[in-house]
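Read in order, the letters of the sequence shown correspond to residues 1 to 360 in the UniProt record's numbering. A short write-up of the structure that comes next.
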Amino acid sequence: MSRQELKVLLRELKKWSAPATVLLSLYIPPGRPVADVVNMLRQEASISQNIKLKRTRDAVESAITTAIDRLVSINKIPENGLVLFCGENFDTGGFKCYMFSPPEKVTVYFYRTDKQFHTEFLEDMVEVSEVYGLLIVERDQGTIGVLRGSRIEVLEEMEGYVPGKHMMGGQSQRRIDRIIEELYHDFLKSFGEKVNNYLLPYLESGKLKGILLGGPGYAKKDFYDSDYIDYRLKKLILLPLIDIGYQGEAGLREMVMKSKDVLKNQKYIEVEDLIEELKYHLAKDDGLVVYGKEEINKALQMGAIDKLIIFDDGTEENEKMVQEAEKYGTKVYLVGDEIPEAEWVRKTFSGMVGKLRFRI
């Protein structure tokens, strides 16, 4: 599969979601025996019999069975590995199963049925860029994500149960405090294991450049001071630790924006700053913003465009525009729905807007 074909497929897969964990994602590195993978899926099919809701059970069984049928049709995992996405779209009732060998080697053996397809391990194959790990942790909640180019992705959100302190007094209080401390330690340990699973493949491929660690309280420092993650990952944690008030995607965005000084040359920050700059010039009406394909083409040929944002819809026309802009020394940012203002660029400027070096 070519990079462009993969790009189009990823865009399609991201449209799929389900109210239950029925969408199957499977990554198989080269060298893994097909029979071992098939046996694993058969065990998962057996376990799925315990799912109580019939529709969910049927959807999971269908995804696993289809994946098995695809795998038994081949003798060997290709040299770049193999990826499968199978599942039912609950909104439309449609069912699809994709099996392909990606343009770069699969470095992780990963299986999951979830509410969405796990495409994160393929993203950097279509947009080669530095990757930063994003971690938010508190006493019983955590978020793991990555910042890749202009994209912030939530990989997993975790919740545990660590009760607050109880004022009982005496030996009972000390016993309860020990139990609470153990629960707290267990949650941080579990969070660290998840971090290793997600971030070590990026580290081993040479793409992980740093890790941001934040949270609302003391848990982030406890996590940093202890050995809950692989020592190689710990070395990449960027200081200072960041005070963050939210979990989830909102928290990851807040953490990235609070780390502007550390990430000043990172694409996400550059795009956000450029959008703010465009809004400033639009408000001043000083003629330094250009949009419309004809106007942009004319400005490019004059060497007048400093920076250009293009909403990436996967068309050849956009690819040609990128190549044309780069001929004239224009810095081009291809953005998708991962940027909060992407919809503003798409609707207001028909997907293309630039900052001029000088008025024309």
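Glycine included, C-beta positions come from ideal geometry on N, C-alpha and C. Quick caveat, the model's predicted, so the values are computed rather than measured.
Between residue 95 and residue 87, what straight-line distance do the alpha-carbon atoms span, to the nearest angstrom? Straight-line Cα distance between these residues: approximately 6 angstroms.
Alpha-carbon spacing of residue 192 relative to residue 223, whole angstroms: Approximately 8 angstroms, taken between the alpha carbons.
Can you tell me whether residue 358 is buried or exposed? The criterion is at least 16 other CB atoms within 10 Å of its CB, across all chains shown. Exposed is the call here.
In its own chain, which residues sit with a C-beta less than 7 angstroms from the C-beta of residue 279, not counting the 5 before and 5 after it? Taking residue 279 as the centre and dropping the five residues before and after it, the same chain places no C-beta closer than 7 angstroms to its C-beta.
Return helix, strand or coil for residue 251, following the three-state DSSP convention. It is helical.
Based on the DSSP secondary-structure assignment, which residues constitute the bridge partners of residue 148? According to DSSP, which records beta bridges pairwise, residue 148 is partnered with 131, 151.
By DSSP, does residue 246 sit in helix, in strand, or in coil? Residue 246 falls in the coil class under three-state DSSP.
Mind checking residue 143: buried by the 16 CB within 10 Å criterion, or exposed? Residue 143 is buried by the Cβ-count criterion.
Starting from residue 364, trace the beta strand (DSSP E) in both directions and tell me its first and last residue. The first residue shown for the chain is 1 and the last is 360, placing residue 364 beyond what the model contains.
For residue 242, count neighbouring Cβ atoms within 10 angstroms of its own Cβ and tell me buried if that reaches 16, exposed if not. Looking at its Cβ environment, which holds 16 or more other Cβ atoms inside 10 Å, residue 242 is buried.
Roughly how many whole angstroms lie between the Cα atoms of residue 106 and residue 260? Near 32 angstroms, if we compare the C-alpha coordinates of residue 260 and residue 106.
Look up residue 96 in the DSSP assignment and say whether it is helix, strand or coil. Strand.
Assumed close pair residue 154, residue 272 - CB separation to whole angstroms, cut-off 8 angstroms: Contact doesn't hold; Cβ gap of about 18 angstroms is too wide.
What are the boundary residues of the beta strand (DSSP E) that includes residue 27? First-last of the beta strand (DSSP E) with residue 27: 23-28.
Give the DSSP bridge partners of residue 111, in chain order. Residue 111 pairs with 26.
Backbone secondary structure at residue 286 - three-state DSSP: Of the three classes helix, strand and coil, the one that applies to residue 286 here is coil, per DSSP.
Hey, residue 293 and residue 352: beta-carbon distance below 8 angstroms or not? With a cutoff of 8 angstroms on beta-carbon distance, residue 293 and residue 352 are scored as near each other.
Let me make sure I understand the geometry here. Which of 213, 133, 34, 20 has the alpha-carbon closest to that of residue 364? Nothing in the structure corresponds to residue 364, since the chain is present only between 1 and 360.
Quick check on residue 329: does DSSP put it in helix, strand or coil? In the three-state DSSP reduction, residue 329 falls in the coil class, being neither helix nor strand.
Taking 8 angstroms as the threshold (C-beta atoms), are residue 268 and residue 147 in contact? Taking 8 angstroms as the Cβ cut-off, residue 147 and residue 268 qualify as a contacting pair.
Does DSSP put residue 208 in a helix, a strand or coil? The DSSP-derived three-state label of residue 208 is strand.
May I ask you to report which of helix, strand or coil DSSP gives residue 302? Of the three classes helix, strand and coil, the one that applies to residue 302 here is coil, per DSSP.
Own chain, CB closer than 7 angstroms to residue 3, minus 5 neighbours either side, in chain order: Excluding residues within five positions, the ones whose Cβ falls inside 7 angstroms are 103, 125, 126.
Would you tell me roughly how many angstroms separate the C-alpha atoms of residue 347 and residue 37, rounded to the nearest one? Cα to Cα, residue 347 sits roughly 45 angstroms from residue 37.
What is the C-beta distance between residue 228 and residue 189, in whole angstroms, given that I count them as a contact (C-beta under 8 angstroms)? With a Cβ gap of about 6 angstroms, residue 228 and residue 189 count as contacting.
Looking only at its own chain, which residues have a Cβ that is under 7 angstroms from the Cβ of residue 48, when we skip the five neighbours before and after it? Excluding positions up to five away in sequence, the list reads 57, 60, 61, 64.
Which residue comes first and which comes last in the alpha helix (DSSP H) that contains residue 13? Per DSSP, the unbroken alpha helix (DSSP H) holding residue 13 starts and ends at 3-13.
Compare the beta carbon distance of residue 305 and residue 356 with 8 angstroms and say whether it is the shorter of the two. Contact check for residue 305 against residue 356 passes: the beta carbons are separated by less than 8 angstroms.
How many angstroms separate the CA atom of residue 74 from the CA atom of residue 6? Approximately 21 angstroms, taken between the alpha carbons.
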